[in-house]
Amino acid sequence: PDSQALKENAKSPPPTTLSSPPTTEAPKPARPRRPRPPAILPSDRPYQCKDCGKRFVYRSKLATHQWTHCAERPYKCPDCPKSFSYPSKLAAHRRTHTGERPYPCPLCPKRFGHRSKLAAHQWIHTPERPYKCADCPKSFCYPSKLAAHRRTHTGQRPYPCTRCGKSFCYPSKLAAHQQIHAAAAAGRPYPCMRCSKSFRQLRNLTLHQRVHEDGDECG
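Using UniProt numbering, the letters of the sequence shown map in sequence onto residues 1 to 219.
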């Protein structure tokens with residue numbers, strides 16, 4: 001009888017196990033893009049550095065920035081009076097003298113000496129320019145860029161030179177102008193006619209002028 005029972009058990013199909021239906025997880029919703037902060041216009045930056053003309057929204061930010069003019073700068077440029085706190089800053093600055101441009105734009109043939117210059121340039125490839133100038137056909141990605149451009153029509157010059165009183169539309173133009181005073185103090189007889197930088201040796205001026213070959217602003 002035991003052998004008969006074993007034969008019957010061998011013929012019977014294995015017990016079925018109930019499997020739970022496959023679960024389908026709902027796709028995770030896409031994370032919403034963080035909105036861009038509103039652009040800060042120059043009129044919203046009431047605290048201005050007397051040494052370089054840069055403006056700030058808060059007095060505490062100005063105080064922190066002013067340490068950049070007082071801190072020890074042991075890394076000196078051999079081609080101009082500038083000095084820097086870190087060797088990496090000096091290396092980046094020296095590209096303005098050598099014309100080296102290690103940062104290429106992936107969308108056009110232009111190259112840049114500073115990563116920040118490349119980032120600023122890439123906005124020209126952005127099709128969206130909703131901020132249009134009322135006085136000319138130009139349009140811009142940000143209201144702050146439009147506000148800066150409008151000064152070319154209004155003649156507003158909010159960035160004065162603390163040495164001679166001359167004023168400028170852009171902080172970059174003020175910085176270039178201040179190089180004239182630095183050059184006079186350092187006795188550099190070879191000036192660049194595009195950005196007011198000057199050099200002790202003619203070969204350094206020739207190398208520097210490569211920065212302007214594509215119409216770029218030197219840093």
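Each residue gets a CB set at the ideal place from its N, CA and C atoms; glycine is no exception.
Quantities reported herein were computed from a predicted structural model and do not represent experimental measurements.
Item	Value
Closer than 6 Å by C-beta to Cys141: which residues in its own chain qualify, once you throw out the five before and the five after it? Chain order, please.	Trp123, Thr126 and Arg129
What's the call for Val57, buried or exposed, on a 16-neighbour Cβ count within 10 Å?	exposed
Under 8 Å, with one C-beta from each stretch per pair, do the region 73–85 and the region 44–63 reach the 3-pair mark?	no
Classify residue 226: buried if its beta carbon has 16 or more other beta carbons within 10 angstroms, exposed otherwise.	Because the chain here runs from 1 to 219, residue 226 falls outside it and cannot be looked at.
To the nearest angstrom, how far is it from the Cα of Ala92 to the Cα of Arg111?	14 Å
Please state whether the Cβ-Cβ distance between Thr98 and Leu207 is less than 8 Å.	yes
Whole angstroms are fine: how far does the CA of Pro109 sit from the CA of Pro160?	35 Å
Work out the CA separation of Cys49 and Leu202 for me, nearest whole Å.	33 Å
So, at 8 Å on beta carbons, what are the nonlocal neighbours of residue 222 in its own chain, with the 5 sequence-adjacent residues on each side left out?	Residue 222 lies beyond the residue range present for the chain, which begins at 1 and ends at 219; the question has no answer from this structure.
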